Amino acid sequence: MKATTVVMFVTSIFFIIFGIIVLSNKKFREKMISSTKNIRDKEGYIRFNAKYNIIIGSLGLIVAVVDNFTSEGKITLVMFIGVMLGASLMQSMKVKKYL
0 MKATTVVMFV TSIFFIIFGI IVLSNKKFRE KMISSTKNIR DKEGYIRFNA
50 KYNIIIGSLG LIVAVVDNFT SEGKITLVMF IGVMLGASLM QSMKVKKYL
């Protein structure tokens, strides 16, 4: 397995685990809610970000699997960066409804 594939897997799994922890651990979610400021719907904001992290992680895993089975590592690396960047930009646009 290539180093880039390992990094993609680890990063994607981190996103998924973080999203699951936020959704399932009430105490952790309450700490996040209490630390957010200038948010109208804090619970919705935290829940949206957690679900979005799971989606971003899942997309990253798909790209990592493709990277593992192809010899064109540069193309899948650019795809991974594009997916992460694009998803982050979309997340920042969609989260405005909670501000």
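Once you know that position 69 of the sequence shown is 68 in numbering that gives the first Met the number 0, the rest is easy, because the numbers rise by one and skip nothing.
Glycine included, each C-beta is placed from N, C-alpha and C at the ideal position.
Treat the numbers as computed from the prediction; the structure is a model and nothing was measured.
Candidates the options: closest to residue i by CA position
{"i": "Thr4", "options": "Gly85, Gly72, Phe17, Lys30", "result": "Gly72"}
{"i": "Ile53", "options": "Ile74, Leu76, Phe13, Asp66", "result": "Phe13"}
{"i": "Met78", "options": "Asp66, Met31, Lys95, Lys36", "result": "Asp66"}
Burial state of residue i, where buried means 16 or more other Cβ atoms lie within 10 Å
{"i": "Gly85", "result": "exposed"}
{"i": "Met0", "result": "exposed"}
{"i": "Ile45", "result": "buried"}
{"i": "Asn48", "result": "buried"}
{"i": "Ser11", "result": "buried"}
{"i": "Ile20", "result": "exposed"}
{"i": "Thr75", "result": "buried"}
{"i": "Phe68", "result": "exposed"}
8 angstroms contact criterion, which residue i and residue j should meet: CB distance rounded
{"i": "Gly18", "j": "Lys50", "result": "7 angstroms"}
{"i": "Ile15", "j": "Ser70", "result": "Rounded, the Cβ-Cβ distance is 27 angstroms, inconsistent with contact."}
{"i": "Met83", "j": "Ile55", "result": "7 angstroms"}
With a threshold of 8 angstroms, are at least 3 pairs of Cβ atoms found where one atom belongs to the region 55–75 and the other to the region 7–21? yes
Threshold first: 4 residues or longer. Then list the alpha helix (DSSP H) segments lying entirely within the region 31–82, N to C. 41–68
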